[in-house]
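Reviewing the structure listed below.
Residue numbers (the working numbering): 22 to 196.
Following this line, the structure appears as structure tokens:
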């Protein structure tokens, strides 16, 4: 399978549209492509520096805010498998997803830290991901490596996992 150089595509966007608005929440907060790319690469660099490798599973538990976007893209650029959890999930649902996904590390807001630690998670605060040196090089990821694991709503029983690989994410972004 073809390797996907996510970072090269982010750098291309940054170079082509540095000051253009890349992301906005509709309430006055926005990020330019330059700033968004910097955030994405810092997240990827954080995980790379901490020894996380392609396909390693790391959960995310964030509300729908700007940092959730750059976190997800940064995890993708790092070649990780983001285990995307729902902000409104109960403790029982989070524990079920943790067990099913086989994941221990989770990125979330500082306000969730105590709760998540009590559930057995290794918590990484979203605030610790920025302020990193930009990585000199980010390895391209094989398209067959798992990229995202999401869960169904669980309305008919326990939430079920849905897996996307990097190739599927790549194709989804192209279309």
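For every residue, glycine included, the Cβ atom is placed at its ideal position computed from N, Cα and C. Keep in mind it's a predicted model, so treat the numbers as computed, not measured.
Going by DSSP, name the residue or residues bridged to residue i.
| i | result |
| --- | --- |
| residue 167 | 186 |
| residue 24 | 163 |
| residue 44 | 52 |
Below 7 Å CB to CB, which residues in the same chain sit around residue i once its five sequence neighbours on both sides are set aside?
| i | result |
| --- | --- |
| residue 154 | 66 |
| residue 191 | 25 and 164 |
| residue 35 | 54, 55 and 58 |
| residue 134 | 144 and 146 |
| residue 167 | 76, 102, 184 and 186 |
| residue 73 | 79, 99 and 101 |
Between residue i and the rest of its own chain, which residues show a CB-CB distance below 6 Å, the 5 nearest in sequence each way excluded?
| i | result |
| --- | --- |
| residue 77 | 101 |
| residue 131 | 146 |
| residue 60 | 91 |
| residue 38 | 54 |
| residue 62 | 155 |
| residue 23 | 164 |
Can you tell which of the options has the C-alpha that lies nearest to the C-alpha of residue i?
| i | options | result |
| --- | --- | --- |
| residue 49 | 179, 87, 107 and 108 | 87 |
| residue 165 | 75, 57, 47 and 52 | 75 |
| residue 156 | 64, 24, 36 and 93 | 64 |
| residue 182 | 137, 93 and 117 | 117 |
| residue 69 | 96, 82 and 84 | 96 |
| residue 45 | 71, 85, 123 and 81 | 85 |
What is the rounded straight-line gap between the Cα of residue i and the Cα of residue j?
| i | j | result |
| --- | --- | --- |
| residue 55 | residue 43 | 9 Å |
| residue 120 | residue 159 | 30 Å |
| residue 142 | residue 109 | 17 Å |
| residue 125 | residue 172 | 16 Å |
| residue 151 | residue 196 | 30 Å |
| residue 149 | residue 175 | 32 Å |
| residue 32 | residue 161 | 13 Å |
| residue 52 | residue 98 | 18 Å |
| residue 185 | residue 94 | 14 Å |
| residue 27 | residue 40 | 20 Å |
| residue 179 | residue 139 | 21 Å |
| residue 89 | residue 115 | 18 Å |
| residue 106 | residue 82 | 5 Å |
Give me, in chain order, the residues of the same chain whose beta-carbon lies closer than 8 Å to that of residue i; leave out the 5 immediate sequence neighbours on both sides.
| i | result |
| --- | --- |
| residue 136 | 112 |
| residue 123 | 78 |
Practice item. Any chance you could list the beta strand (DSSP E) runs of at least 3 consecutive residues sitting entirely within the stretch 86-115, in chain order? Key: 102-105
Review point. Which whole runs of the alpha helix (DSSP H) in the stretch 59-87 are 4 residues long or more, in chain order?
Key: none
Review point. In chain order, which alpha helix (DSSP H) runs of at least 4 residues are fully inside the stretch 121-181?
Key: 134-139
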